[in-house]
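Peer 1: In my numbering, the protein residues as written are 2 to 317. For glycine and all other residues, C-beta sits at the position ideal for the given N, C-alpha and C. Computed from a predicted structure; not experimentally measured. Got a structure for you, written out below as structure tokens; questions coming shortly.
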């Protein structure tokens, strides 16, 4: 939603809200950079101890660290000034980086969900289907696709312009131009609705298999197997719930605002109502590392090993 204001009007009417935006985004910068750095460090440090699926987690952390390092500092500082500080070309840069990272992130989540689906439903074929070559190809493809989608506004289809109170830049969601309208619809469907449908469907099937596993395990009258199945059910249910809800809580308000603008009703959305969902969506850069890694027992074990000081080192 792009309803930006002039600098004087913005600073007078929305001064406190601008400070809130700058502070919130600043916190995302610090926390997001630290948490995703920990994820990348931990998995690269012990890459021999984890399977190929960790490559998708590293890719996810890469998506989530790009904006805190290379884009959000611009919108945070602009928030404190209550106006965009970096001109036209800065807006084009910011729009591209945030769009690329956002598209790559949701594509990566969808691919990761498919990888887990294959692992559960086709365990005998997993090594053939989820090999290093296919994983590398999938990651390169999703990042390339995200970059191509994000660079399109540089060539006259839609545009990157200030949005909300004018402290951030995003795609021009509303326009009378047919190409801009079609591009906006394409983004909403291709970069939000379709990936989320894939994720929900795949994890729905995944949970279905987990629920089938429990009675099968119980039928063996083996307490250890039954307990193991129950633990798998609990962990996967929690993981899926946090993944779907976390992503939707972060992005759904912004997607809804954008959709309202695209279909021709931007006037019903105030600058604050346009800005707040855009700011809140940045929470996804913090949520993802929690969901995919910090709740993973194996990752916590590896991280502990990476930070633990051996007796020999203590004596030095």
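For residue 102, collect the residues of the same chain with a Cβ closer than 7 Å to its Cβ; drop the 5 residues on either side in sequence, then sort them by chain order.
Peer 2: Numbered from its first residue, the chain shown carries residue 102 at position 101. For residue 102, where only same-chain residues beyond five positions count, the Cβ hits under 7 Å are 64, 67 and 68.
Peer 1: Give every residue of the same chain whose Cβ lies closer than 7 Å to the Cβ of residue 282, excluding the five residues on either side of it in the sequence, and list them in chain order.
Peer 2: Position 281 of the chain shown, counting from 1, holds the residue named residue 282. A distance below 7 Å between beta-carbons, with the five flanking residues on each side excluded, links residue 282 to the following residues of its chain, in chain order: 251, 252 and 255.
Peer 1: Looking at the structure shown, is residue 159 part of a helix, part of a strand, or coil, going by DSSP?
Peer 2: Sequence index remark: in the chain shown, residue 159 carries index 158 (1-based). If DSSP states are grouped into helix, strand and coil, residue 159 belongs with coil.
Peer 1: Reducing DSSP to helix, strand and coil, say where residue 172 ends up.
Peer 2: Residue mapping note: residue 172 aligns to position 171 of the chain shown, counting from 1. Residue 172 falls in the strand class under three-state DSSP.
Peer 1: Relative to the alpha-carbon of residue 301, which residue among 100, 22, 154 and 44 has its alpha-carbon at the smallest distance?
Peer 2: Here residue 301 refers to the residue found at position 300 of the chain shown. Out of 100, 22, 154 and 44, 44 has the C-alpha closest to the C-alpha of residue 301.
Peer 1: For residue 344, which residues from the same chain have a beta carbon less than 7 Å from its beta carbon, with the 5 sequence-adjacent residues on both sides left out?
Peer 2: Past the edges of the chain, shown from 2 to 317, lies residue 344, and the structure says nothing about it.
Peer 1: Under the assumption that residue 40 contacts residue 284 (Cβ atoms under 8 Å), give the Cβ distance between them as a whole number of angstroms.
Peer 2: Your numbering for residue 40 matches position 39 in the chain shown. Your numbering for residue 284 matches position 283 in the chain shown. Actually they do not touch by this definition, with Cβ atoms about 16 Å apart.
Peer 1: Distance check for residue 131 and residue 266, CA to CA, integer angstroms please.
Peer 2: Working through the chain shown from its first residue, we reach residue 266 at position 265. Working through the chain shown from its first residue, we reach residue 131 at position 130. Distance between the alpha carbons of residue 266 and residue 131 is about 45 Å.
Peer 1: Specify whether the region 79 to 96 and the region 165 to 176 touch according to this definition: at least 3 beta carbon pairs, one from each stretch, less than 8 Å apart.
Peer 2: Because the criterion of three Cβ pairs below 8 Å is met, the region 79 to 96 and the region 165 to 176 touch.
Peer 1: Counting only runs that start and end within the region 88 to 165, where is the beta strand (DSSP E) found for 3 or more residues in a row?
Peer 2: 161 to 164
Peer 1: Over the uninterrupted alpha helix (DSSP H) stretch that includes residue 65, give me the two end residues.
Peer 2: The residue given as residue 65 occupies position 64 in the chain shown. Start and end: 54 to 71.
Peer 1: What span of residues does the alpha helix (DSSP H) with residue 46 cover, start to end?
Peer 2: Mapped onto the chain shown, residue 46 falls at position 45. Start and end: 16 to 46.
Peer 1: Closest to residue 105 by C-alpha separation, out of 42, 139, 75 and 133, would be which residue?
Peer 2: Residue numbering aside, residue 105 sits at position 104 when the chain shown is read from its first letter. The candidate whose alpha carbon is nearest that of residue 105 is 139.
Peer 1: Enumerate in chain order the residues of its own chain whose CB-to-CB distance from residue 287 is below 7 Å, with the five nearest sequence positions on each side excluded.
Peer 2: The residue given as residue 287 occupies position 286 in the chain shown. Once the five neighbours on either side are set aside, the close Cβ partners of residue 287 are 29, 32, 33 and 36.
Peer 1: Rounded to whole angstroms, what's the CA-CA distance from residue 164 to residue 271? Just pull it up for me.
Peer 2: Walking along the chain shown from the start, residue 164 turns up at place 163. Walking along the chain shown from the start, residue 271 turns up at place 270. Distance between the alpha carbons of residue 164 and residue 271: 11 Å.
Peer 1: Do you know offhand how far residue 273's Cα is from residue 18's?
Peer 2: To locate residue 273, count along the chain shown from 1; it is residue 272. To locate residue 18, count along the chain shown from 1; it is residue 17. One C-alpha to the other measures close to 8 Å.
Peer 1: Using 7 Å as the threshold, is the C-beta distance between residue 203 and residue 115 below it?
Peer 2: Working through the chain shown from its first residue, we reach residue 203 at position 202. Working through the chain shown from its first residue, we reach residue 115 at position 114. Less than 7 Å separates the beta-carbon of residue 203 from that of residue 115.
Peer 1: Do residue 109 and residue 61 have their C-beta atoms within less than 7 Å of each other?
Peer 2: By 1-based counting over the chain shown, the position of residue 109 is 108. By 1-based counting over the chain shown, the position of residue 61 is 60. Yes, they are a contact pair.
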